Every structure is written in structure tokens, then in C-alpha cells.
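Here is the structure we will look at.
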Amino acid sequence: MQLKSLSLKNFRLFESLNITIPNKVLLVTGNNAQGKTSLLEAIYYLATFSSFHASMDRQLIRFDTLALNPAVAHIKADFETNHATRHLEIRLIVQQDRSGTPRYTKEILLDTAKKKGTEALGKFNAVLFLPEMTTIIDGSPEERRRYINMMVAQANTIYINTLGQYNKAVQQRNALLKILQEKKNSATSQLDIWDEKMAKLGARLIHERIRVIDELSIEAQFIHHELSHTADSFRIAYVPSFDPAGPQQVDNNHFFNALQNDLHVARGHYPLNDIEKRFLATLQSHRKSDIRKGISSIGPHRDEIRFFTNETDLGIYGSRGQIRTALISLKFAEAQWLKARTGQYPVMLLDEVLAELDQQRRNDLVAFLQKGDQVFLTTTDLNLFDPASLQGSHIWRIHGGILTEG
Ligand SMILES: Nc1ncnc2c1ncn2[C@@H]1O[C@H](COP(=O)(O)OP(=O)(O)OP(=O)(O)O)[C@@H](O)[C@H]1O
Ligand SMILES: [Mg+2]
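Offset between the sequence shown (1-based) and the numbering used here: plus 824.
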């Protein structure tokens, strides 16, 4: 996958940017607050139609433009896949109605035809590394679920549709649970339809997550080994809220050891219909306690994913360096995984990835980058790169949202 050209208009600090993009490694260098991360954010937006940074899309529109009505930001790109050259355009629009209330809309055009986000997902694929993404490892379970969902969405659009329908079914079941909580002694059979929906859709999510996390873990192990130059092991464990392998026994006296051992559970052999049947039975057996709590307590919306180095849970015990190396391994594993699933390497977007790494790891990482198709790297300090490793790379300087070559 290769980005051939990019133009931005009124996106973040970019008033107007038009660039043609060479293949291979591109190094964007500049001082703080000049637009390095914003450039990667714009490219990543083409893959996910959401920003990892901004809590609201309207924050992406250039401040100065917001006084206009409508205020519009554009991201336009031509990219090349194995099969074709395609054009993707995103328009972020804020328009004030007669009462002055701002309304936000987003338009996506693929090869000039308007598409819904779910239809255009997976056409342009990218992997983004931001230093603050270590929260995937040591932040909340919700962040890990979101991460896995966005990753799978780029390769499997059925998954993202199933996820949307599953989340709706959970919301509807929860609404009914609250009604049943208030109306004591009502027939719980009203829950049948939602239990069945949740089991059917949820089983597909669990079935896919078992595979994805196993595949990702295998890729990440290899990469971690190459990057860390140690015998340290690395592993990603799926801890499903409804576990087809049955509830795991955690011995509190030996919590640390028990946690590791119990997570070594093989689940790849459970057929989809078996997971569905048993998830349904579990939902039914939890009805009473779910009504009491007013919430669906079991299912993929409560899943966990844990990361281990040498059988130590990094989310709890990881050092800064260990977590950072694990995150880099995870991101490269994601790229390999996308390549295996879609037949194409995604575009790699790596923000300040060399900071905090020792010289050996930096060199290994730069060497590793040559394996991909197209890589964007940002840095405030070109000296972090060994000059020999820069041969064949393109260097761009960025200042106040303006890019210059060389
Ligand atoms: N909507 C917006 N309109 C105008 N400017 C914005 C907007 N959003 C962010 N900015 C500004 O863009 C500038 C560049 O931010 P960016 O994060 O891309 O910098 P950077 O080069 O990655 O810096 P650093 O090296 O500190 O990470 C910041 O000063 C930020 O305040
Ligand atoms: Mg930055």
C-alpha cells in the first residue's frame, strides 16, 4: 500500500498542503509544534475515519476557519494498492444553523462516490505509532478493546458491522434489564430475543478475537525478539469475559503465578456454533443477577487483553522501556498481521519512535523498517538516526505546517 499524494486544506495548522510522496522511508523533521504529529494524524484519518488524538472531529478543523460558515477541512489522497490506484477524500464540515447552533458532518468520497464510513473502511490501511499509545498496554481495558477493534476493522468489515449490531443488542438488553428491575416479578422470557441476539453476534466477535489475538501474539513474539536482542519472551493473551474454555481458576494466594498460567488457554478449536450455544446458556443463567445490577455483566463488551514479557503482566509490572518496546513490537505485529490478512503492507506512521531507545535498538528498528512498503517517521532530532541508515530515505523539514524537501 502506498500513498502517492496528499493534500490538506484547513486541517489542524495546515492551511494548504499539496505533496507527492515518494516510496519507502520518509523522515519528517522539525521543532516542536510545527505539524509532525498532525501530518501523521491526517494520513491515519484516511484509514480509520477517526482521530486517535482529538476527542471531537471538529478540533481537526483549522482554528481560523471556524469563523466561516460552513467551515470545511479537507484531506485528499491518491493511493496505490496491489490492484489499483484509488482516490479518497474526506470533508469535515461545521455549519451553523439559523439559531447559530453548529452542526458537524463528515463526508467520505471514495473514487468520487460518497460512502459510509463502514463501506470505505479497509480501503486504505495504515498503522500508527504515537508514544502516548502505551496506554494500550497499561491503560483501561476499553482502550485495548478499541485498539483491537480498529485493527480488525481494517481487514474485516464484517467484524465491524457485527460489533455495531452487538453493541446495539447489549444496549437494548440493558434497557430491558432496567425495566425488569423496576417491575418486580415480570416474566424474564422477554429477554429471550436479546439473549439470542447477543449470543449470535457476540460469539462471532469472540471467535474472531481468539484467532486475531493468537495470530498477533505469534507475530509480536518474533518482532520483539528481533528488536530487543534479548531472550525475553513476549506474549499477548486474550481474556474473554465469556470464556468458551470455562471459567478460569485464579488462586489468590499465588495470584501472580496463577494469572500467567491460567491465561495460557488454547481456545482456537472451539467452533462458532459451540461458542454461541454456551454463551447463550451463560447469558440465561445470569439473568437474575443481571436484572439486579441492571446491566449485562458478561460478553465481549467486557473482554480483556493482556501483554506479557517473561510471563510478567506489563500492564501491572512493566517498566517504561519494556512497555515501549512491547508497543513497538505490537505495532509491527499489526502491520505483519494486516499484510497476512489483506495481502498488503499498511503504510507505517511512526511518531518519535526512536526517542528513548538505545543505539542498538534504533539501528535494528530502522533496518526493520525496510521490510515494509512505505514508512513515515517523525523526529525533532535527526541525530538520532545513524547517517548510514538514512541512505535511500527522503527527508522533509516541517515548519509552521509547511513542508520542504531536503
Ligand atoms: N485545529 C487547529 N487549528 C490550528 N492549529 C492547530 C489545530 N490543532 C492543533 N493545532 C496546532 O498545531 C501545532 C502543531 O501540532 P503537532 O502536534 O502536529 O506538532 P508536532 O510537530 O508534532 O510537535 P511536537 O514535536 O511537540 O510533538 C500545535 O501548535 C497545535 O496547537
Ligand atoms: Mg508531535
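Even glycine gets a Cβ: it sits at the ideal position worked out from N, Cα and C.
From a predicted model like this one, the values you see are computed outputs, not experimental measurements.
DSSP three-state call for residue i: helix, strand or coil?
i	result
residue 1096	helix
residue 834	strand
residue 1148	helix
residue 1122	coil
residue 841	strand
residue 1082	Here residue 1082 scores only 37 on pLDDT, less than 50, and its place in the model should not be relied on; the value that follows carries that caveat. Helix at residue 1082.
residue 1211	helix
residue 1158	helix
residue 909	strand
residue 887	helix
residue 876	coil
residue 771	The structure shown does not extend to residue 771, since the chain is modelled only from 825 through 1230, so no value can be given for it.
residue 1108	helix
residue 892	coil
residue 1069	coil
residue 1127	coil
residue 1143	coil
residue 882	helix
residue 1164	helix
residue 1206	helix
residue 1089	coil
On the DSSP bridge list, what partners appear for residue i?
i	result
residue 1137	1132
residue 825	Partner(s): none; residue 825 has no beta bridge.
residue 898	833 and 915
residue 1218	850
residue 1223	1226
residue 903	827 and 910
Going by CA-CA distance only, name the one from the options that's closest to residue i.
i	options	result
residue 959	922, 1187, 1199 and 1131	1131
residue 955	1166, 1005, 1174 and 1060	1174
residue 1128	863, 961, 1110 and 929	961
residue 888	1149, 1017 and 840	840
residue 925	935, 893, 942 and 904	893
residue 1118	891, 951 and 1004	1004
residue 1065	1040, 1055 and 1099	1099
residue 1007	861, 1217, 1026 and 1115	1115
residue 876	864, 885 and 886	864
residue 1019	1112, 1044 and 1034	1112
residue 1135	1060, 1219 and 963	1060
residue 1229	1171, 833 and 846	846
residue 844	1107, 1126, 985 and 902	902
residue 1178	1167, 1198 and 1149	1149
residue 1155	1139, 1141 and 1196	1196
residue 1091	969, 1143 and 1033	1033
residue 1000	1012, 1142, 991 and 990	1012
residue 936	1184, 911 and 1071	911
residue 974	1002, 942 and 995	942
residue 1067	1050, 1207, 873 and 1093	1093
residue 909	1107, 1062, 828 and 1036	828
residue 914	1217, 884, 891 and 1191	884
residue 1056	1168, 1147, 970 and 880	1147
residue 1036	874, 977 and 861	977
residue 1217	1225, 1194, 1170 and 1208	1194
residue 1026	904, 1102 and 1160	1102
Residue range of the alpha helix (DSSP H) that residue i falls in?
i	result
residue 869	860-872
residue 971	965-979
residue 1112	1111-1117
residue 1186	1183-1193
How would you write the range of the beta strand (DSSP E) that residue i sits in, first residue to last?
i	result
residue 1198	1198-1203
residue 1175	1171-1175
residue 1226	1226-1229
Item to check | Entirely enclosed beta strand (DSSP E) segments - the region 920-960, minimum 3 residues | outcome: Qualifying beta strand (DSSP E) stretches, in chain order: 926-934, 937-939 and 950-953.
Checklist entry - Hey, which unbroken runs of the beta strand (DSSP E) at 3 residues or more fall wholly within the region 984-1064? => result Entirely contained in the region 984-1064, the beta strand (DSSP E) runs reaching 3 residues are, in chain order, 1058-1063.
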